[in-house]
Amino acid sequence: MAISIHFTPEFTSVCSVPFSSLYVDMDSAIKTVVTTFLGSARGEESLNNQSFQKLIQKNLSSIMEDTDRQSSIREMQQGLDNNSDGKVSFQEYLNLIGYLANSVSQKKCEGNADSS
């Protein structure tokens with residue numbers, strides 16, 4: 000996947016907080032990921048350009064930089080669009096969520112390594 004994501008300073012500071020204080024029920028988190036996509040897709044199987052842009056700006060602007068720039072979001076969408084249909088499917092959306100989760104994990108590991 001060829002997407003470029005820059006995290007906000009607020010995101011970086013969250014990564015230094017112990018996970019015990021960031022505990023979120025996994026069931027609830029998964030439901031949120033799914034319902035966010037379904038609500039943004041409005042009955043469609045995929046997110047079009049406008050739906051994807053709104054989803055990113057509304058739900059991920061607190062952790063990702065450049066979400067106010069349409070060109071940045073379009074570039075991210077193109078990186079996610081594995082089948083080049085101009086839309087983001089649920090699986091392609093999950094790739095973004097996985098990438099973000101992995102980035103959170105890496106930031107947390109970097110913080111733990113620095114404090115050792």
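For what it's worth, numbering that gives the first Met the number 0 labels the leading residue of the sequence shown as 0, then goes sequentially.
Built from N, CA and C at the ideal position, the CB exists for glycine as well.
In this text the structure is predicted, and so the values were computed from the model without any measurement.
1) Is it buried or exposed, Lys86, if we count other Cβ atoms within 10 angstroms and call 16 or more buried?
2) Can you round the beta-carbon distance between Leu54 and Ser70 to whole angstroms, since I take them to be within the 8 angstroms contact cut?
3) Within 10 angstroms of the Cβ of Ser45, are there 16 or more other Cβ atoms? Answer buried if so, exposed if not.
4) Distance check for Asn94 and Asn101, CA to CA, integer angstroms please.
5) For a quick check, are the C-beta atoms of Gln76 and Phe51 less than 8 angstroms apart?
6) So what does Leu46 bridge to, in DSSP terms?
7) For Glu109, does the count of other Cβ atoms within 10 angstroms reach 16, so buried, or fall short, so exposed?
8) Between the alpha carbons of Lys57 and Leu37, how many angstroms are there, rounded?
On the basis of the supplied data:
1) buried
2) So it is not a contact: roughly 17 angstroms between Cβ atoms.
3) buried
4) 10 angstroms
5) yes
6) Val87
7) exposed
8) 14 angstroms
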